[in-house]
Amino acid sequence: MIVLSEDSQRTSGKDAQSMNITAGKAVAESVRTTLGPKGMDKMLVDSGGSVVVTNDGVTILKEMDIDHPAANMIVEVSETQENEVGDGTTSAVVVAGELLDQAEELIDSEIHATTIAQGYREAAEKAKDILETEAIEVSADDRDTLVEIATTAMTGKGAEGAKDHLAELVVDAVLAVEDDDGIDLDNVDVETVVGGSIDESELVEGVIVDKERVDENMPYFAEDANIALFDGAFEVKETEIDAEVNVTDPSQLQEFLDQEEEQLKEMVDQLADAGVDVVFVGDGIDDMAQHYLAQEGIIAARRAKNSDLKALARATGGRVVSNLDDLTEDDLGFAGSVTQKDIGGDERLFVEDVEDAKSVTLVVRGSTDHVVDEVERAIEDSLGVVRATLEDGKVLPGGGAPETELALQLRDFADSVGGREQLAVEAFADALEVIPRTLAENAGLDSIDSLVSLRSQHDGGDFTAGLDAYSGNVIDMENEGVVEPLRVKTQAIESATEAAVMILRIDDVIAAGDLSGGQVGDDDDDGPDMPGGGGMGGGMGGMGGMGGMGGAM
Ligand code: ADP
Ligand code: MG
1 MIVLSEDSQR TSGKDAQSMN ITAGKAVAES VRTTLGPKGM DKMLVDSGGS VVVTNDGVTI
61 LKEMDIDHPA ANMIVEVSET QENEVGDGTT SAVVVAGELL DQAEELIDSE IHATTIAQGY
121 REAAEKAKDI LETEAIEVSA DDRDTLVEIA TTAMTGKGAE GAKDHLAELV VDAVLAVEDD
181 DGIDLDNVDV ETVVGGSIDE SELVEGVIVD KERVDENMPY FAEDANIALF DGAFEVKETE
241 IDAEVNVTDP SQLQEFLDQE EEQLKEMVDQ LADAGVDVVF VGDGIDDMAQ HYLAQEGIIA
301 ARRAKNSDLK ALARATGGRV VSNLDDLTED DLGFAGSVTQ KDIGGDERLF VEDVEDAKSV
361 TLVVRGSTDH VVDEVERAIE DSLGVVRATL EDGKVLPGGG APETELALQL RDFADSVGGR
421 EQLAVEAFAD ALEVIPRTLA ENAGLDSIDS LVSLRSQHDG GDFTAGLDAY SGNVIDMENE
481 GVVEPLRVKT QAIESATEAA VMILRIDDVI AAGDLSGGQV GDDDDDGPDM PGGGGMGGGM
541 GGMGGMGGMG GAM
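In the UniProt record's numbering, the protein residues as written are 1 to 553.
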């Protein structure tokens with residue numbers, strides 16, 4: 001009996017499993033070479049020809065435009081990691097891929113997927129417990145460690161050259177926006193400026209608005225400025241009823257215009273009376289109003305973005321009003337200085353010396369668009385790890401140290417787990433070692449030698465021993481200042497396990513209609529097929545959305 005429509009496609013049992021596992025592994029494989037300080041970058045070209053050069057796992061996967069459903073579950077691992085911590089997106093995906101790879105072997109030796117799933121879950125729980133116990137405590141005022149954390153997250157990225165300077169800025173930025181409610185990274189605005197070198201990047205405690213003053217006759221700066229934030233248009237309000245004005249002689253027209261002018265003048269007077277020195281307007285500003293504002297010595301900027309108005313409100317303690325008539329002195333914000341400055345050949349308004357800088361701007365400079373974009377991504381990772389450290393107060397050594405330790409302890413733990421699940425726990429332990437192994441491979445080292453040496457140090461009780469990707473030696477990572485927040489690792493283990501388990505438990509793929517490319521389990525039997533044509537295992541060429549590559553080169 002046929003219950004599915006003719007168009008739907010179905011793949012069941014081992015075929016479905018192996019198709020999904022292959023897709024998941026392909027995703028992990030695609031970012032593997034970027035892992036670690038010596039990881040390489042990827043160049044992604046979209047169908048419109050625009051180019052992104054990056055080392056950032058989640059960015060690569062998003063740009064790749066993957067449309068296989070199981071592959072997407074692995075992409076989501078990196079997205080969750082990005083949202084929860086900001087860093088560790090490549091690691092999370094690489095671990096997920098390796099969990100699938102190990103599971104494939106177990107399935108081949110007739111171990112049921114449910115058993116594997118169970119074993120993986122137990123191992124993940126145990127792994128998180130172990131890390132919690134082994135983690136090193138840091139206090140919030142341990143600035144040196146915070147800077148190290150910030151630096152580690154930027155290692156091997158476009159920011160490499162100036163990472164010491166940038167790490168200081170990142171720590172300052174996070175500390176500046178921390179308040180009783182915690183740390184909201186939305187209050188750290190990262191502005192990119194093309195021109196100058198990365199070293200010239202700076203932190204402005206306040207807000208930079210990418211606008212110039214509207215009129216040249218307005219002052220360039222205001223000290224001890226009262227700031228009005230107006231989300232509307234600075235013009236004469238339209239009358240509610242459509243009125244027709246019949247003008248019979250020129251003097252009447254003049255009278256009409258005079259009246260409008262008078263109203264605008266009144267509006268400006270109102271601001272001046274309230275002591276306003278600077279006004280940010282969400283919409284346009286009437287020419288005549290500009291003139292009067294300039295006469296009063298008020299700095300005005302038009303078409304300020306909503307997000308800018310909000311940031312200004314937070315930073316200056318002002319309130320955004322939608323009607324100028326309602327404006328009172330209480331609504332005004334305050335800043336020690338408002339200045340129009342040139343930055344990378346672009347005039348912007350700097351609102352600084354705000355009383356309580358709950359809103360800061362990190363100005364990232366770089367020589368080209370591609371450079372600043374990549375530095376910005378590295379900084380976003382870095383901001384995330386500093387926040388996570390301040391929130392949790394626990395860090396781990398890097399360089400594959402935690403994974404090596406976990407593999408060791410989990411193998412012991414496996415002995416206490418009975419039955420076939422034991423094999424799954426052991427597989428989980430093996431899978432985690434993909435991190436030190438890949439760090440070694442990407443650094444051009446012999447991965448077996450590196451692993452052996454790591455294992456023996458950890459066996460001897462040296463929890464902080466990790467692989468120095470630069471010298472190839474196994475060293476004390478804590479001493480070396482290569483540290484990461486605990487959450488980077490626990491979150492990666494959690495998301496990777498969940499995604500792997502979810503994929504493993506699927507034994508039936510029923511697709512309504514044609515999957516794009518229509519290749520789920522089509523004709524040949526030479527392996528699982530993937531939508532998008534070509535299969536992802538073959539490399540970048542087969543990825544959807546990369547079609548523009550040929551034309552753009
Ligand atoms: P992710 O997207 O997972 O953060 P990265 O490319 O940033 O990927 O690499 C992170 C890995 O690199 C972590 O395992 C981290 O411990 C390691 N790492 C960072 N700095 C060093 C270093 N100086 N030596 C060795 N390993 C390092
Ligand atoms: Mg990283």
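Just so you know, even glycine gets a beta-carbon here, dropped at the ideal spot from N, CA and C.
Quick check on this structure: which residue in the options has the alpha carbon closest to the alpha carbon of residue i?
{"i": "Arg143", "options": "Thr389, Ser47, Ala304 and Glu105", "result": "Thr389"}
{"i": "Arg420", "options": "Ala124, Ala294 and His112", "result": "His112"}
{"i": "Asn83", "options": "Met288, Leu185, Thr368 and Val276", "result": "Leu185"}
{"i": "Ile208", "options": "Ser5, Gly88 and Val360", "result": "Val360"}
{"i": "Gly54", "options": "Asp507, Glu255 and Val372", "result": "Sequence check: residue 54 is Thr here, not Gly. Of the listed residues, the one whose Cα sits closest to Thr54 is Val372."}
{"i": "Glu235", "options": "Arg302, Asp189, Ser197 and Glu223", "result": "Arg302"}
{"i": "Glu202", "options": "Asp415, Thr497 and Val171", "result": "Val171"}
{"i": "Val434", "options": "Val31, Ala23, Thr22 and Asn20", "result": "Val31"}
{"i": "Asn323", "options": "Glu255, Leu229, Arg365 and Gln252", "result": "Leu229"}
{"i": "Leu264", "options": "Leu293, Asn72 and Ala274", "result": "Leu293"}
{"i": "Asp308", "options": "Ser337, Arg348 and Gly275", "result": "Arg348"}
{"i": "Met218", "options": "Val278, Ala176 and Lys237", "result": "Val278"}
{"i": "Ala274", "options": "Leu408, Asp331 and Glu260", "result": "Asp331"}
{"i": "Pro402", "options": "Leu383, Arg455, Glu266 and Ile107", "result": "Arg455"}
{"i": "Glu216", "options": "Ala300, Met267 and Ile149", "result": "Ala300"}
{"i": "Ala469", "options": "Arg487, Met19, Ala407 and Glu441", "result": "Glu441"}
{"i": "Asp179", "options": "Glu6, Gly400 and Lys358", "result": "Lys358"}
{"i": "Asp199", "options": "Ile227, Glu223, Glu329 and Lys163", "result": "Lys163"}
{"i": "Ala225", "options": "Asp412, Glu355 and Ser447", "result": "Glu355"}
{"i": "Phe428", "options": "Ile21, Asn72, Lys211 and Leu106", "result": "Leu106"}
Alpha carbon to alpha carbon, how far is residue i from residue j?
{"i": "Val95", "j": "Ile503", "result": "14 Å"}
{"i": "Ala26", "j": "Gly333", "result": "53 Å"}
{"i": "Ala117", "j": "Leu423", "result": "11 Å"}
{"i": "Gly57", "j": "Gly481", "result": "23 Å"}
{"i": "Asp15", "j": "Val501", "result": "17 Å"}
{"i": "Asp508", "j": "Ala70", "result": "12 Å"}
{"i": "Lys489", "j": "Ala153", "result": "13 Å"}
{"i": "Gly182", "j": "Leu131", "result": "24 Å"}
{"i": "Ile2", "j": "Gly13", "result": "18 Å"}
{"i": "Met530", "j": "Leu44", "result": "Unreliable placement is indicated for Met530, whose pLDDT of 43 sits below 50; the coordinate value is still reported in the next sentence. The straight-line gap from Cα to Cα measures roughly 21 Å."}
{"i": "Gly460", "j": "Arg10", "result": "52 Å"}
{"i": "Ser8", "j": "Ala511", "result": "5 Å"}
{"i": "Gln290", "j": "Glu168", "result": "41 Å"}
{"i": "Gln252", "j": "Glu262", "result": "15 Å"}
{"i": "Glu498", "j": "Ser50", "result": "34 Å"}
{"i": "residue 565", "j": "Val276", "result": "Residue 565 lies beyond the residue range present for the chain, which begins at 1 and ends at 553; the question has no answer from this structure."}
{"i": "Ile66", "j": "Ser337", "result": "48 Å"}
{"i": "Thr34", "j": "Gln295", "result": "57 Å"}
{"i": "Leu98", "j": "His165", "result": "Here the sequence assigns Glu to residue 98, which means Leu is not the residue at that position. Spanning the two alpha carbons is a distance of roughly 36 Å."}
Are the beta-carbon atoms of residue i and residue j separated by less than 7 Å?
{"i": "Thr464", "j": "Pro436", "result": "no"}
{"i": "Gln102", "j": "Asp430", "result": "yes"}
{"i": "Leu432", "j": "Ser450", "result": "no"}
{"i": "Val375", "j": "Ala159", "result": "yes"}
{"i": "Val85", "j": "Gly393", "result": "no"}
{"i": "Ser109", "j": "Val93", "result": "no"}
{"i": "Asp87", "j": "Asp381", "result": "yes"}
{"i": "Gly384", "j": "Met477", "result": "no"}
{"i": "Val204", "j": "Val188", "result": "no"}
{"i": "Arg505", "j": "Gln340", "result": "no"}
{"i": "Ala304", "j": "Phe280", "result": "yes"}
{"i": "Ala311", "j": "Gly206", "result": "no"}
{"i": "Thr80", "j": "Ser495", "result": "yes"}
{"i": "Ile21", "j": "Glu76", "result": "no"}
Compute the beta-carbon to beta-carbon distance between residue i and residue j, rounded to the nearest angstrom, for a pair I have assumed lies under 8 Å.
{"i": "Asp46", "j": "Glu63", "result": "7 Å"}
{"i": "Leu257", "j": "Ile298", "result": "The Cβ separation is near 23 Å, so there is no contact."}
{"i": "Asp353", "j": "Ala335", "result": "6 Å"}
{"i": "Asn306", "j": "Gly284", "result": "Between Gly284 and Asn306 the Cβ distance is about 15 Å, and since that is not below 8 Å, they are no contact."}
{"i": "Arg365", "j": "Val190", "result": "Rounded, the Cβ-Cβ distance is 12 Å, inconsistent with contact."}
{"i": "Val320", "j": "Asp231", "result": "5 Å"}
{"i": "Ala127", "j": "Val395", "result": "With a Cβ gap of about 17 Å, Ala127 and Val395 do not count as contacting."}
{"i": "Val474", "j": "Gln457", "result": "6 Å"}
{"i": "Lys38", "j": "Ala443", "result": "4 Å"}
{"i": "Gly161", "j": "Gly344", "result": "The pair is not a contact, with the Cβ atoms about 18 Å apart (cut-off 8 Å)."}
{"i": "Ala23", "j": "His68", "result": "5 Å"}
| query | Which parts of the segment 437-483 are runs of the beta strand (DSSP E), unbroken and 3 residues or longer, counting only runs that do not cross its ends? | reply | 465-467 and 474-476
| Quick one, what's near the ligand HEM if you take every residue whose CB is closer than 7 Å to any heavy atom, in chain order? | Because the ligand HEM does not appear in the structure shown, any question about it cannot be addressed here, the ligands present being the ligand ADP and the ligand MG.
| field | alpha helix (DSSP H) segments (min. 4 residues) lying fully within the segment 237-322 | value | 250-273, 287-295 and 306-316
| query | Taking the runs of the beta strand (DSSP E) that are 3 residues or longer, which of them lie wholly in the segment 19-95? | reply | 42-45 and 51-54
| query | Taking the runs of the alpha helix (DSSP H) that are 4 residues or longer, which of them lie wholly in the segment 133-200? | reply | With a minimum length of 4 residues, the unbroken runs of alpha helix (DSSP H) contained wholly in the segment 133-200 fall at 143-154 and 163-177.
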